[in-house]
Amino acid sequence: MAQLIEAEERTHIRAERYDRALDDIFALQDEITTSTVAAIEPSLRRAEIERAKRKRPDSLDAYDLVLRATAYSNSGMPEGASQAMPLLERALALEPSYALAHGQIAYCQEILYLRAGRREENRVAAIRHGHAAITLGPDDAAALTYGGIAIGLVEHDRALAQDAFNAALAISPSAASAYLWGALILGWGAEAERAIEWGERGIRLSPFDPWVTAAFHGICLGHFMRGRYEEALAADRQAIRSKPGFSISHCLLAAVLVKLQRMDEAMAAAAAASKDVVPRFSGITVRRSS
Numbered sequence: 020m021a022q023l024i025e026a027e028e029r030t031h032i033r034a035e036r037y038d039r040a041l042d043d044i045f046a047l048q049d050e051i052t053t054s055t056v057a058a059i060e061p062s063l064r065r066a067e068i069e070r071a072k073r074k075r076p077d078s079l080d081a082y083d084l085v086l087r088a089t090a091y092s093n094s095g096m097p098e099g100a101s102q103a104m105p106l107l108e109r110a111l112a113l114e115p116s117y118a119l120a121h122g123q124i125a126y127c128q129e130i131l132y133l134r135a136g137r138r139e140e141n142r143v144a145a146i147r148h149g150h151a152a153i154t155l156g157p158d159d160a161a162a163l164t165y166g167g168i169a170i171g172l173v174e175h176d177r178a179l180a181q182d183a184f185n186a187a188l189a190i191s192p193s194a195a196s197a198y199l200w201g202a203l204i205l206g207w208g209a210e211a212e213r214a215i216e217w218g219e220r221g222i223r224l225s226p227f228d229p230w231v232t233a234a235f236h237g238i239c240l241g242h243f244m245r246g247r248y249e250e251a252l253a254a255d256r257q258a259i260r261s262k263p264g265f266s267i268s269h270c271l272l273a274a275v276l277v278k279l280q281r282m283d284e285a286m287a288a289a290a291a292a293s294k295d296v297v298p299r300f301s302g303i304t305v306r307r308s309s
């Protein structure tokens with residue numbers, strides 16, 4: 020049993036049981052190190068964001084600006100992306116070749132493109148900044164991950180996105196976000212079993228990550244494609260719990276419930292997607308078969 024305790028407050032952060040043969044003690048040490056670092060990372064990121072928030076606006080450097088932007092962009096919603104963008108533009112004005120700032124802008128433009136009207140300028144900007152993040156940040160796991168998100172979801176170049184995620188993991192094996200988002204893009208690319216594998220691994224590494232939702236979507240898609248609809252339903256329910264306002268979760272829910280012949284619930288999920296979650300969204304209809 021390995022336990023992670025926050026020393027100052029004596030609060031319990033993580034516990035994991037490792038039931039392994041001791042044939043290769045060094046491999047086990049590496050596994051424990053990777054999972055521990057992944058568990059610590061989201062807490063460190065939140066602490067850094069709070070530190071940046073406390074600084075005076077006129078004293079912010081490019082890194083602080085990106086941290087402040089992260090607090091907004093993690094919502095995954097257009098409102099948050101719109102608030103993050105001016106901060107990220109200020110960061111690039113200070114450091115034009117800052118890969119992480121390019122990656123965050125690519126991610127925000129992806130949000131604006133997919134969730135705020137599919138405007139061409141957002142699509143073009145997401146792709147441009149995504150490529151910049153990958154080109155300028157070959158040694159930056161976070162920049163590679165953000166770039167891969169935009170390239171995979173907006174440009175639909177899933178091979179390049181996968182290369183970016185693999186490069187991020189080669190730099191930092193504990194980069195859970197690469198697994199979480201990689202699972203989603205593998206799911207949309209119909210790579211069912213890999214989507215499930217990557218999603219489950221990302222969740223094990225970072226169960227409280229702000230973007231665990233992406234992994235649940237990937238797992239849902241993987242099970243759906245394999246006809247395992249109860250497993251797909253369970254994954255999608257977890258996605259909804261992690262980010263209730265995401266319309267795509269309710270769309271997936273409707274699709275899974277149709278396959279399970281639970282039509283009343285499917286119609287309710289479709290209504291949530293089209294009315295309660297995203298007003299004016301009209302992309303899903305559930306019809307009873309005659």
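Heads up: the sequence shown begins at 20 in the numbering used here, then just goes up one per residue. For every residue, glycine included, the Cβ atom is placed at its ideal position computed from N, Cα and C.
- Around the beta carbon of Gln280, fewer than 16 other beta carbons lie within 10 angstroms, which makes this residue exposed.
- The distance from the Cβ of Ala183 to that of Gly166 is about 5 Å, consistent with a contact at the 8 Å cut-off.
- Residue burial is scored here from C-beta neighbours: Glu129 has at least 16 other C-beta atoms within 10 angstroms and is therefore classed as buried.
- Shortest Cα-Cα distance from His175 to any of Ala292, Leu203, Ala88 involves Leu203.
- Contact check between the stretch 134-146 and the stretch 111-119: fewer than three CB pairs, one atom from each, fall below 8 Å, which does not count as touching.
- Annotation: the continuous alpha helix (DSSP H) that includes Met244 extends over 231-244.
- Remark: C-beta atoms of Gly264 and Gly237 do not approach each other more closely than 9 Å.
- If one requires a minimum length of 3 residues, no beta strand (DSSP E) run lies completely within the stretch 162-186.
- Exposure of Pro105 is indicated by the presence of fewer than 16 other C-beta atoms within 10 angstroms of its C-beta.
- Counted as a single uninterrupted DSSP element, the alpha helix (DSSP H) harbouring Ala214 occupies residues 211-224.
- By the criterion of a C-beta distance shorter than 8 Å, Asn93 is surrounded in its chain by Gly99, Pro229, Trp230, once the five residues flanking it on both sides are discounted.
- Sorting Tyr82, Ala273, Asp159 by C-alpha distance to the C-alpha of Pro192 places Asp159 at the top.
- Look at Pro105 here: in three-state DSSP terms it is helix.
- Under the three-state reduction of DSSP output, Pro115 falls in the coil class, being neither helix nor strand.
- Contact check for Leu119 and Leu84: beta-carbon distance about 10 Å, past the 8 Å limit, so the pair fails to qualify.
- According to the DSSP assignment, Lys262 belongs to no alpha helix (DSSP H), since it is labelled neither H nor E.
- With distances taken between CA atoms, His121 lies nearest to Ala169 out of Ala209, Ala169, Ile190.
- DSSP places Ala135 in the coil class of the three-state scheme, outside both helix and strand.
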